[in-house]
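**Student:** Quick one: the structure is below, and I'll ask about it shortly.
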Amino acid sequence: MQMPAYHAASFRLPTMLHRPEFSLPSTFSEPMPASEGRTVERVVGVPIDVLDWDDACRTISRWAVLRESRYVCICNVHSVVTARNDPEFMKVIEDADMATADGAPVAWMLRRLGHADQRRINGPDLMLRYFAQAEQRGEAVFLYGSTPATLERLQQRLHERFPALRIAGVCSPPFRPLTPEEDEQIIQRINASGARTVWVSLGCPKQERWMAAHRHRIQAVTIGVGAAFDYHAGVIRRAPQWMQDIGLEWLHRLWSEPRRLGPRYLTTNTEFLYRAARQLLARR
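The following block contains the structure:
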């Protein structure tokens, strides 16, 4: 029986480096509502959290310190449209403890719905921002997903960027459904590793379904970050910063992978625009 590739490692060096570019920003001073701990707006019917980088990192770290079993969905147009067309996946997003606006169109919709300061809270940047804080706290993280080669390169690059970051373990699951025995073994390894957050790179909607299925079984916060492992490992080149800043990262991805992403973008982007227009017109 082929078992999931697993490698446990701990990178801990005495030097703690301060990186202001990935420290928690203080741009937004308003705290999240104390009653529910979150503010949620429906974007074409899908619940998305209204929050900034400070909110996101602070909330995840609070859960992590308490070793609470939570999961975070990073929602782009693809995941939002998938949720609209798949009731089971909609429930996965609705049950998430946090669902951030990853895609520029999703963040734009939140601004149009009255949340003027909303910006993208995307997976690759959330990963780096959180790791900078985890390094300073001595908090362990776990990497789940992708291929063994990508995980190896990712660990090397993270070690260069965050020398004291504790990577408690990594796991590259096989590209097939896990047996119950394999799944239980992975759960035990993650829980025994001491990791407070598990960063999941399986792609949408697989990673979100996996996180939902493992809530209350994995004693850590799971965060689905899509292609973030490939970006940070250097397997896929990310869009230049100026394209990210003006909301055109999707165009760079389309240019890089036209055969894979072209049909998807044509379908999901068109449906999102249609549903978004209907929602905005209904508010008039």
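The opening residue of the sequence shown carries number 1 in full-length UniProt numbering; numbering runs sequentially from there.
Quick reminder that beta carbons are idealized off the backbone N, C-alpha and C, glycines included.
Keep in mind that this is a model prediction, so the values were computed, not measured.
(1) Should residue 78 go down as buried or exposed, given a rule of 16 or more other Cβ atoms within 10 Å for buried?
(2) When you compare the stretch 203-217 with the stretch 67-74, are there three or more beta-carbon pairs, one atom per stretch, that lie closer than 8 Å?
(3) Please identify the residue among 169, 275, 57 and 268 whose C-alpha is closest to the C-alpha of residue 134.
(4) Tell me which residue opens and which closes the alpha helix (DSSP H) that residue 197 is part of.
(5) Who are the Cβ neighbours of residue 233 in its own chain at under 7 Å, not counting the five residues just before and after it?
(6) Go through its chain and collect everything with a Cβ distance to residue 130's Cβ below 6 Å, but skip five positions before and after it.
(7) Roughly how many angstroms lie between the CA atoms of residue 24 and residue 53, to the nearest whole one?
(8) Please say whether residue 144 and residue 51 have beta carbons closer to each other than 9 Å?
(9) Just curious, the alpha helix (DSSP H) that residue 123 is in, first and last residue?
(10) Would you kindly work out how many angstroms separate the C-alpha atoms of residue 227 and residue 124, rounded to a whole number?
(11) Is it true that the stretch 114-122 meets the stretch 183-200, where meeting means three or more beta-carbon pairs spaced less than 8 Å apart?
(12) Count the other C-beta atoms from every protein chain shown that fall within 10 angstroms of the C-beta of residue 231, then say buried if there are 16 or more, exposed otherwise.
(13) Provide the residue span of the beta strand (DSSP E) that contains residue 141, from first to last.
(14) Sort 207, 182, 195 and 106 by Cα distance to residue 273 and report the nearest one.
(15) Mind reading off the beta-carbon distance from residue 142 to residue 103? Whole number of angstroms is fine, and I expect it under 8 Å.
(16) Using only the heavy atoms of the ligand SAM, determine whether one of them is closer than 8 Å to the beta carbon of residue 129.
(17) Please name the residue in 220, 177 and 205 whose C-alpha comes closest to that of residue 192.
(18) Got a sec? Which residues, its chain only, sit under 7 Å from residue 45 by beta carbon, not counting five neighbours each side?
(19) If distances are taken between C-alpha atoms only, which option among 167, 160, 126 and 114 comes closest to residue 139?
(20) Can you have a look at residue 116 and say buried or exposed, based on whether 16 or more other CB atoms are within 10 angstroms of its CB?
(21) Which term fits residue 270, buried or exposed, when burial requires 16 or more other beta carbons within 10 angstroms of its beta carbon?
(22) Secondary structure at residue 218, three-state DSSP: helix, strand or coil?
(23) State buried or exposed for residue 165, treating a residue as buried only when at least 16 other CB atoms are found within 10 Å of its CB.
(24) Helix, strand or coil, according to DSSP, for residue 204 in the structure here?
(25) Going by DSSP, what residue range makes up the alpha helix (DSSP H) through residue 59?
(26) Along the chain, where does the beta strand (DSSP E) that runs through residue 40 open and close?
(27) With 16 as the cutoff for other CB atoms within 10 Å, does residue 175 come out buried or exposed?
(28) Could you spell out the range, first to last residue, of the beta strand (DSSP E) harbouring residue 225?
(29) What are the partner residues of residue 70, as DSSP defines its beta bridges?
**Tutor:** Quick answer:
(1) buried
(2) yes
(3) 57
(4) Looking at the DSSP string, residue 197 is not in any alpha helix (DSSP H); the run it does join, the beta strand (DSSP E), is 197-201.
(5) 150, 153, 154 and 157
(6) 57
(7) Note that residue 24 has pLDDT 31, beneath the 50 cutoff, so the model's placement of it is unreliable and no number is given.
(8) no
(9) 123-137
(10) 8 Å
(11) no
(12) buried
(13) 140-145
(14) 106
(15) Contact doesn't hold; Cβ gap of about 26 Å is too wide.
(16) As presented, the structure is devoid of all ligands, the ligand SAM included, so that no description of it is given.
(17) 220
(18) 84
(19) 167
(20) exposed
(21) exposed
(22) coil
(23) buried
(24) coil
(25) 53-65
(26) 40-43
(27) exposed
(28) Per DSSP, residue 225 belongs to no beta strand (DSSP E) and is neither H nor E.
(29) 221
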